[in-house]
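Chemist: Numbering (our numbering), first residue to last: 1 to 247.
Where a beta carbon is used, it is the ideal one built from N, C-alpha and C, also for glycine.
The structure that follows is given in the form of structure tokens.
Shown next as structure tokens:
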């Protein structure tokens with residue numbers, strides 16, 4: 001049974017037998033994974049493993065050919081991306097995708113309208129983002145295009161948080177950032193989880209991802225080749241094989 005447009009609270013996501021792809025090729029070949037509420041789940045794997053296709057299926061940008069995606073026990077894999085977002089699943093995309101010619105404040109306000117809240121409520125949400133990321137508050141009237149890579153990533157996360165997600169999908173948040181900024185962004189991930197948000201972290205920096213996550217899945221050629229507690233996968237031979245091209 002598909003869920004209605006009513007927002008679902010909580011953040012457990014179950015993916016079963018997911019197959020999806022382009023043309024006649026399946027980029028995902030029967031993927032199973034589960035995101036537990038209030039935890040960080042990492043998905044790692046080399047380029048071409050199927051990570052981006054997985055995110056597109058979870059956010060409704062792509063319809064799977066087979067399998068299911070369920071939020072808190074109710075299927076969502078046939079819903080539109082807008083309806084899925086309204087249920088509390090929000091993605092911070094790779095490359096940030098900000099409105100560069102708009103101010104930081106305007107970017108946040110636009111992102112907040114997905115829930116169609118009034119301006120007073122949105123302003124309050126903006127202030128909470130500024131508390132989390134003080135540099136954004138200091139520069140709120142500057143154009144987003146003027147931000148550094150780390151500041152732009154903060155704004156991208158802030159925009160997703162304006163929708164008050166219960167499940168946050170982060171696509172390569174460390175891309176192009178200095179190590180100190182990567183650490184700050186991953187600290188924010190931990191803060192969000194402590195506040196009850198469920199996080200799916202898709203990340204190329206394997207050791208950083210595994211150090212942050214509770215559970216991890218390793219994708220290779222569209223299949224889950226390894227999964228388990230993240231701390232146990234750090235030195236797993238299978239993880240090294242995947243990144244060396246042996247799987």
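Just how far apart, CA to CA, sit residue 246 and residue 231?
Modeler: Caution applies to residue 246, whose pLDDT of 48 falls short of 50 and renders its modelled position unreliable; the value that the coordinates give is listed next. Going from the Cα of residue 246 to the Cα of residue 231 covers about 22 Å.
Chemist: Could you spell out the range, first to last residue, of the beta strand (DSSP E) harbouring residue 152?
Modeler: Segment 149 to 161 is the alpha helix (DSSP H) holding residue 152; no beta strand (DSSP E) there.
Chemist: Are there 16 or more other CB atoms within 10 angstroms of the CB of residue 65, so buried, or fewer, so exposed?
Modeler: Classification of residue 65: exposed, given that the 10 Å Cβ count is below 16.
Chemist: Please go through the same chain and pick out, in chain order, the residues whose beta-carbon is closer than 7 Å to the beta-carbon of residue 155, but skip the five residues on each side of it.
Modeler: Around residue 155: 98, 104, 107, 136, 144, 147.
Chemist: Considering residue 111, what are the terminal residues of the alpha helix (DSSP H) in which it resides?
Modeler: Counting along the chain, the alpha helix (DSSP H) containing residue 111 begins and ends at 104 to 112.
Chemist: Leaving out five residues before and five after residue 4 in sequence, what residues of the same chain have Cβ atoms less than 8 Å from its Cβ?
Modeler: Caution is warranted here: a pLDDT of 39 is assigned to residue 4, below 50, making its placement in the model unreliable, and the coordinate value is therefore given only provisionally. If we look at residue 4 and ignore the five residues flanking it on each side, it has no Cβ neighbours.
Chemist: If you draw a straight line from the C-alpha of residue 208 to the C-alpha of residue 76, how long is it?
Modeler: Their Cα atoms are separated by approximately 30 Å.
Chemist: Beta strand (DSSP E) containing residue 27: first to last residue?
Modeler: Segment 25 to 35, the beta strand (DSSP E) holding residue 27.
Chemist: Between residue 129 and residue 161, what straight-line distance do the alpha-carbon atoms span, to the nearest angstrom?
Modeler: Distance between the alpha carbons of residue 129 and residue 161 is about 8 Å.
Chemist: Counting only runs of 4+ residues fully inside the region 193 to 220, write out the alpha helix (DSSP H) ranges in chain order.
Modeler: Here the runs fully enclosed are 206 to 212.
Chemist: Do residue 219 and residue 34 have their beta-carbon atoms positioned less than 9 Å apart in this structure?
Modeler: Result no, Cβ atoms of residue 34 and residue 219 do not sit closer than 9 Å.
Chemist: Suppose contacts are defined by Cβ-Cβ distances below 9 Å. Is residue 28 in contact with residue 53 by that definition?
Modeler: Yes, these two residues count as a Cβ contact at 9 Å.
Chemist: With a CB to CB cut of under 7 Å and the five nearest residues on each side skipped, what residues in its chain are close to residue 133?
Modeler: Correct list, in chain order: 154, 158.
Chemist: With DSSP as the reference, label residue 251 as helix, strand or coil.
Modeler: Residue 251 is absent from the structure shown; the chain starts at 1 and stops at 247.
Chemist: Could you check if residue 74 is buried or exposed, using at least 16 other CB atoms within 10 Å of its CB as the buried criterion?
Modeler: By the 10 Å Cβ count, residue 74 comes out exposed.
Chemist: In whole angstroms, give me the CA-to-CA distance for residue 199 and residue 86.
Modeler: Straight-line Cα distance between these residues: approximately 17 Å.
Chemist: With DSSP as the reference, identify every bridge partner of residue 69, one or two as the case may be.
Modeler: According to DSSP, which records beta bridges pairwise, residue 69 is partnered with 15.
Chemist: Let me confirm a value: residue 185 is counted as buried when at least 16 other C-beta atoms fall within 10 Å, else exposed. Which label applies?
Modeler: With 16 or more Cβ atoms within 10 Å of its Cβ, residue 185 is classed as buried.
Chemist: If you follow the alpha helix (DSSP H) that residue 77 is part of, which residue opens it and which one closes it?
Modeler: Per DSSP, residue 77 belongs to no alpha helix (DSSP H) and is neither H nor E.
Chemist: Please state if the CB of residue 163 and the CB of residue 124 are separated by a distance shorter than 9 Å.
Modeler: No, they are not a contact pair.
Chemist: Measuring only the C-alpha atoms, how far is residue 223 from residue 31?
Modeler: Going by the C-alpha atoms only, they are around 6 Å apart.
Chemist: Helix, strand or coil: how does DSSP classify residue 236 here?
Modeler: In the structure shown, residue 236 sits in coil (DSSP, three-state: anything other than H, G, I, E or B).
Chemist: On a CA-only basis, which of 39, 203, 196 is nearest residue 46? Give me that one, please.
Modeler: Selected option, being the one with the closest Cα: 203.
Chemist: Taking just the CA atoms, how far does residue 216 sit from residue 225?
Modeler: Going from the Cα of residue 225 to the Cα of residue 216 covers about 11 Å.
Chemist: Using a 10 Å radius around the Cβ and a threshold of 16 neighbouring Cβ atoms, would you call residue 44 buried or exposed?
Modeler: Flag for residue 44 reads buried.
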